[in-house]
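Asks: Residue numbers (this note's numbering): 1370 to 1633.
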Ligand SMILES: NC(=O)c1ccc[n+]([C@@H]2O[C@H](COP(=O)([O-])OP(=O)(O)OC[C@H]3O[C@@H](n4cnc5c(N)ncnc54)[C@H](OP(=O)(O)O)[C@@H]3O)[C@@H](O)[C@H]2O)c1
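#1: Which residues in the same chain have their Cβ closer than 8 Å to the Cβ of residue 1344, if we skip the five residues on either side of it in sequence?
#2: Which of helix, strand or coil does DSSP assign to residue 1434?
#3: In terms of residue numbering, what span does the beta strand (DSSP E) encompassing residue 1513 cover?
#4: With the cut-off set at 7 Å, would you say residue 1523 and residue 1529 are in Cβ contact?
#5: Does the Cβ of residue 1387 have 16 or more other Cβ atoms within 10 Å, making it buried, or fewer, making it exposed?
#6: Compare the Cα-Cα distances from residue 1595 to each of 1518, 1432, 1538 and report the closest residue.
#7: Is residue 1435 near ligand 1, in the sense that its beta carbon is under 6 Å from a heavy atom of that ligand?
#8: Can you have a look at residue 1609 and say buried or exposed, based on whether 16 or more other CB atoms are within 10 angstroms of its CB?
#9: Could you give the uninterrupted runs of the beta strand (DSSP E) lying entirely in the segment 1450-1474, keeping only those of 3 residues or more?
#10: Which value, in whole angstroms, describes the spacing of the CA atoms of residue 1486 and residue 1573?
#11: How would you label residue 1459, buried or exposed, when you count the other beta carbons within 10 angstroms and need 16 or more for buried?
#12: Assign residue 1476 to one of three DSSP states: helix, strand, or coil.
#13: In its own chain, which residues sit with a C-beta less than 8 Å from the C-beta of residue 1427, not counting the 5 before and 5 after it?
#14: Starting from the C-beta of residue 1633, find all residues in its chain whose C-beta is less than 7 Å away, skip the five residues before and the five after it, and write them out in chain order.
#15: Between 1492, 1588, 1613, which has its C-alpha nearest residue 1440's C-alpha?
#16: Are the beta-carbon atoms of residue 1623 and residue 1513 separated by less than 7 Å?
#17: How many Å lie between residue 1586 and residue 1396 at the Cα?
#18: What is the rounded straight-line gap between the Cα of residue 1579 and the Cα of residue 1629?
#19: Confirm the yes/no value for this check: CB of residue 1386, any heavy atom of ligand 1, distance under 6 Å.
#20: Could you compute how far the alpha carbon of residue 1510 sits from the alpha carbon of residue 1372?
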């Protein structure tokens, strides 16, 4: 698919400096799109932008923005109000801890809600409205297999990812007649810097982690195949979990989480 021809030539990646966000940025630029990249750490963001400008000649705008904060959309708009964003990817959202709900201060959990619930809603509302008006565009909201059922030690994360997936599904149906593709991109374990920092076992035999470049390529290839795309061949696993009695689904999800978190 010619992404720029179908959606327009600007993409915004909220969480576009590392991991799958970085891979998507490189691939979208190679496909002829200019980029707006947001993330917190300015270092990786600037390095990636310079690299992409040099490799592709595309325009790349960046801003250090905390997407869990209420002013994130206003910050993003400073870079995007003069261009038509044709592809919105909301990638950021793994900033969670693998920990009991009551072992972590509320403020920390609220950053997960801030990104995955408030952030995704606000960005999809603003950029989706403009796409609807133009009659073309694509929105990718990134979720997780952890959103298929509540998981102990990931209570807020799994709940937030369920919200993200349900939001994307509803928007897929609403926006389809207006020429806007919406995808709930559901990831499973993927080798990203954030996962490594969290100390998750990315080489667990039962949960082999995917390569970010492969996940990004798959996501772009299936951007128009919403409402949901389970990356890395996990559609069967998702159907299995969805088919379980909820008690079994929650138990299995919680045990899976426990098995990939490093024990001291
Ligand atoms: N990796 C996995 O195994 C896995 C599995 C299932 C689902 N997912 C989902 O896939 C997405 C990407 O995950 P990831 O592992 O790459 O980790 P991530 O922590 O979501 O980081 C992805 C990108 O977002 C940025 N980011 C994170 N939090 C941010 C914030 N509050 N404000 C602004 N930018 C922020 C990061 O840069 P900065 O840190 O510099 O801000 C980075 O560029 C997430 O939505 C995650 O839930 C990942």
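Ideal Cβ positions, reconstructed from N, Cα and C, are used throughout, including at glycine.
From a predicted model like this one, the values you see are computed outputs, not experimental measurements.
Replies: Inspection of the coordinates gives the following:
#1: The requested residue 1344 does not occur in the structure, where the chain is confined to residues 1370 to 1633.
#2: If you number the chain shown from 1, residue 1434 lands on position 65. Correct three-state label for residue 1434: coil.
#3: In the chain shown, residue 1513 corresponds to position 144, counting from 1. 1506-1513 is the span of the beta strand (DSSP E), which, as asked, contains residue 1513.
#4: One-based indexing of the chain shown puts residue 1523 at position 154. One-based indexing of the chain shown puts residue 1529 at position 160. Taking a C-beta distance under 7 Å as the contact criterion, residue 1523 and residue 1529 do not qualify as a contact pair.
#5: The residue you call residue 1387 lines up with position 18 of the chain shown. The residue is buried, with at least 16 neighbouring Cβ atoms inside 10 Å.
#6: Here the question's residue 1595 lines up with position 226 in the chain shown. When 1518, 1432, 1538 are compared, the shortest CA-CA separation from residue 1595 is found for 1538.
#7: One-based indexing of the chain shown puts residue 1435 at position 66. Checking the Cβ of residue 1435 against ligand 1 gives yes.
#8: Taking the chain shown and counting its residues from 1, one reaches residue 1609 at position 240. By the 10 Å Cβ count, residue 1609 comes out exposed.
#9: Whole beta strand (DSSP E) segments, 3+ residues: 1456-1459.
#10: Within the chain shown, numbered from 1, the residue matching residue 1486 stands at position 117. Within the chain shown, numbered from 1, the residue matching residue 1573 stands at position 204. C-alpha separation (whole angstroms): 29 Å.
#11: Here residue 1459 corresponds to residue number 90 of the chain shown, with the count starting at 1. With 16 or more neighbouring CB atoms inside 10 Å of its own CB, residue 1459 falls in the buried class.
#12: Counting from one through the chain shown, the residue named residue 1476 turns up at place 107. Correct three-state label for residue 1476: helix.
#13: Against the chain shown, residue 1427 aligns to sequence position 58. Excluding residues within five positions, the ones whose Cβ falls inside 8 Å are 1398, 1401, 1402, 1403, 1404, 1421.
#14: Working through the chain shown from its first residue, we reach residue 1633 at position 264. Summary for residue 1633: the model assigns pLDDT 41, below 50, so the residue's position carries little reliability, and this model does not support an answer.
#15: Position 71 of the chain shown holds residue 1440. Nearest of 1492, 1588, 1613 to residue 1440, Cα basis: 1492.
#16: By one-based count along the chain shown, residue 1623 stands at place 254. By one-based count along the chain shown, residue 1513 stands at place 144. Here residue 1623 is not near residue 1513, since their CB atoms are 7 Å or more apart.
#17: As a first step, residue 1586 must be located in the chain shown, where it is residue number 217. As a first step, residue 1396 must be located in the chain shown, where it is residue number 27. Rounded to whole angstroms, residue 1586 to residue 1396 spans 7 Å at the Cα level.
#18: Locating residue 1579 in the chain shown gives position 210, counting from the first residue. Locating residue 1629 in the chain shown gives position 260, counting from the first residue. Here the C-alpha atom of residue 1579 lies approximately 14 Å from the C-alpha atom of residue 1629.
#19: As a first step, residue 1386 must be located in the chain shown, where it is residue number 17. Within the cutoff, so yes.
#20: Reading the chain shown from its first residue, position 141 is the one you call residue 1510. Reading the chain shown from its first residue, position 3 is the one you call residue 1372. Their Cα atoms are separated by approximately 17 Å.
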